[in-house]
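Heads up, the sequence shown is in the UniProt record's numbering, so the first residue is 1 and it goes up one at a time. Please read the structure below before turning to the comments.
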Amino acid sequence: MAATTSPTRSLDKGEKETDSTPSPDQLSTPSLQGSKQDDAEASTPTDEEEYKHEYPEGFRLTYILTAVVLAYFLWCFLVFFLIFEVGSALCGAAQSSVMFIIGRAIAGLGSSGIATGALSTIAAALPTRRQPLFMGVNLGLSQLGLATGPIIGGAFSTNVSWRWCFYINLPLGAVVAGCLLFQDVPEPKRKPPVRQVLATAIKSLDLVGFALICPAAIMFFLGLQFGGNRHPWNSSTVIGLLVGAAVTLVVFLFWEYRQGDEAMVPFAMLRHRVIWSAAMTLFFVLSSILVADYYLAIYFQVVLDDSPLMSGVHMLPVTLGLVFFTMISGSMIEVFGYYLPWILLGGTLATVGYGVLSLLTPTASVGAWIGYQLLYGIGSGTVSAGPYIAVQNLVPPAQIPIAMSIIIFSMNIGAAASLIGANAIFSNSLRHELQKRVAAIGVSPDLIVDAGVDSVRSLVSGPALAAALEAYCKAIGHVMYLGIGTSACIIVFAWGLGWKDVRKVKKLNAITAEKPQEAPGLDTKRGELNDENS
């Protein structure tokens, strides 16, 4: 499933097969929103520009909106694999923008259950003394997908077809699902019979709450997406969307409060400092990772004129730093017990790393961009495992699935919001920087921006190209300032996780037959009710 990351990071220079659908490489990257389709025979809708903004968010939105609702039952794990496979198949076979967006949404639905289910399974299947190490391994393997995905996806896009970035998920997913089929996954608590679950599904899953948070999230993301791009920030459309999102969110919170322990997001859990601190910390962790992920790809492919394949190779320093130091931090927490020092160290290194990444220029040396990426990658990897480990050690087993769902909900809200915000910063900064250099470039800034970043070399050359690439570096640098802010916020919210030694929690768990200490103020009534109903 590694190759699924590449379409969002590759800026394809052309395909070898004639395809009626525009490559997602050209439509899913924030910098390419506004690029024009080169194939005059394409059969995509004439209003394709309306869909370009939704390629990344179609996957992300469904991931967010289903994580809390659908991850509560571990026996659904394989069903989510099937849903993810169906979504990948639809993306690969897409004949239109609408079909591709629908496929991304379905894949996101499956991905939400896979991600939360994997984290919950680790908590259920392993003794607490081994969880930090394996949590680091799990997250490290996820980062390995980021490392190999762009290379594999770039090779597919360049030599075969972008469609294989999605088709490759089918055999890989089948192998993984087949292995899981013969595994006995422990349950953290007794489950009621399936017939009883289906009979009370509406109340148990809080579908009313889900129906309220859906439009709130959609209006919020559309407001951020439109602001400064399709409409001015002070336009009635943008203001109406943001105000509507805020009002709907208030209604959602009121409903959740009224629902009590039956709410989709129980307020008792949100009042627990470790849970909301972990959620906010990882909100900014994933935000910072994805901003670097997207805009370093633009730097390599546009400024340095890399192919999608070589762009993935040149980004190995940051992704391999993420992989290895996520694993190392997990093992170090298992040995030394304290997670907070690693989070603070990682957040500091990531902040400094973003600072030096903002200094990249068209003439930066190989040593510079390798070193800058390593510094950021080591920081992001060091910070990644700690919040998960804190939650798994301080939350009762019956509550871990919903706690992980809240965390994933928060992470993907941050991911979607940061990418939309970064795109707005990049587009506005690029237009401004091009305008400052219009005399040297000799081409209208609007023409360059509307043509898309993969077309800049076909529009200008020589000294004009050098000036345009300098403008791109400045715009990318402004996006990196956003990364500095998100990384600094990691340090701020991490303090809420507390200075705790998980080894002491493990000793208490051993005394109490592996039952984690219940944190003060955390209501476990929901788990007790399920036990009684079993």
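Where is the CB? At the ideal position from N, CA and C, for every residue including glycine. Treat the numbers as computed from the prediction; the structure is a model and nothing was measured.
Worksheet entry | Burial state of S10 (16 or more Cβ within 10 Å) | In this predicted model, S10 has a pLDDT of only 44, less than 50, meaning its place in the structure is not dependable enough to derive any value.
Worksheet item: Does the beta-carbon of S418 have 16 or more other beta-carbons within 10 angstroms, so that it is buried, or is it exposed?
Response: It counts as buried.
Discussion item. In the DSSP output, which residue or residues are listed as bridge partners for H231?
Written reply: H231 is bridged to G227.
Worksheet item: Roughly how many angstroms separate the alpha carbons of V449 and R273, rounded to a whole number?
Response: Whole-angstrom Cα-Cα distance: 45 Å.
Fill in: Buried or exposed by the 16-neighbour rule on C-beta atoms within 10 Å, applied to T363
Exposed, by the Cβ-count rule.
Practice prompt. Have a look at Y388, L242, I370, M219 and flag the residue whose alpha-carbon is nearest the alpha-carbon of V313.
Written response: Checked all of Y388, L242, I370, M219; the closest Cα to V313 is I370.
Discussion item. Less than 8 Å between the beta carbons of residue 566 and G140, yes or no?
Written reply: With the chain covering only 1 through 534, there is no way to say anything about residue 566.
Discussion item. Suppose contacts are defined by Cβ-Cβ distances below 8 Å. Is residue 536 in contact with F409 by that definition?
Written reply: Given that the chain is displayed from residue 1 to residue 534, the structure contains no residue 536 and the question cannot be resolved.
Item to complete: Pair every Cβ in the segment 333-348 with every Cβ in the segment 453-468, then say whether three or more of these pairs are closer than 8 Å.
Response: Between the segment 333-348 and the segment 453-468 there are fewer than three C-beta pairs closer than 8 Å, too few to call the two in contact.
Discussion item. Based on DSSP bridge pairs, tell me the residues matched to D305.
Written reply: Secondary-structure assignment with DSSP links D305 through no beta bridge to anything.
Worksheet entry | Given W164 as reference, the closest of A174, V175, G173, I152 once Cα atoms are compared | Relative to the Cα of W164, the nearest Cα in the group A174, V175, G173, I152 belongs to I152.
Practice prompt. Give me whichever residues DSSP pairs with Y294 in a beta bridge.
Written response: According to DSSP, which records beta bridges pairwise, Y294 is partnered with nothing at all.
Worksheet item: Are the beta-carbon atoms belonging to L109 and G87 less than 8 Å from one another?
Response: Yes, the pair counts as a contact, with Cβ atoms nearer than the cut-off.
Discussion item. Here's the rule: buried if 16 or more other CB atoms are within 10 angstroms of the residue's CB, otherwise exposed. What is A211?
Written reply: Exposed is the call here.
Worksheet item: Among the residues of its own chain, which have a CB less than 6 Å from the CB of L374, if the five just before and after it don't count?
Response: These residues qualify, in order along the chain: P317, G321.
Item to complete: Given a cut-off of 8 Å, decide if M269 and Q399 are closer than it, judged by their beta-carbon atoms.
Response: With respect to M269, Q399 sits close: the two C-beta atoms are nearer than 8 Å.
Fill in: CA nearest to the CA of Y339, picked from V391, A464, G367, T361
Taking only the C-alpha atoms, the option nearest Y339 is V391.
Worksheet item: Around the C-beta of A263, are 16 or more other C-beta atoms found within 10 angstroms, so that it is buried, or is it exposed?
Response: With 16 or more Cβ atoms within 10 Å of its Cβ, A263 is classed as buried.
Discussion item. The alpha helix (DSSP H) that contains F80, what's its start and end?
Written reply: Counting along the chain, the alpha helix (DSSP H) containing F80 begins and ends at 77-93.
Fill in: Where the alpha helix (DSSP H) containing P445 begins and where it ends
Its alpha helix (DSSP H) spans residues 445-451.
Worksheet item: What separation, rounded to the nearest whole angstrom, lies between the Cα atoms of I275 and A245?
Response: I275 and A245 have their C-alpha atoms spaced approximately 24 Å apart.
Worksheet entry | DSSP three-state assignment for Y338, whether helix, strand or coil | Y338 carries a strand assignment under DSSP once its states are collapsed to helix, strand and coil.
Worksheet item: CB S307 to CB T158, shorter than 8 Å?
Response: The answer is yes: Cβ separation under 8 Å.
Worksheet item: If you draw a straight line from the alpha carbon of D501 to that of I389, how long is it in whole angstroms?
Response: Each residue's Cα considered, the two are about 11 Å apart.
Discussion item. Can you give me the C-alpha to C-alpha distance between S444 and Q435, rounded to a whole angstrom?
Written reply: Their Cα atoms are separated by approximately 8 Å.
Fill in: CB contact below 8 Å: N428 versus chain B
The question asks about chain B, but that chain is absent: this structure has only one protein chain.
Item to complete: Indicate whether L459 and G421 have their beta-carbon atoms separated by less than 8 Å.
Response: Going by C-beta atoms, L459 is not nearer than 8 Å to G421.
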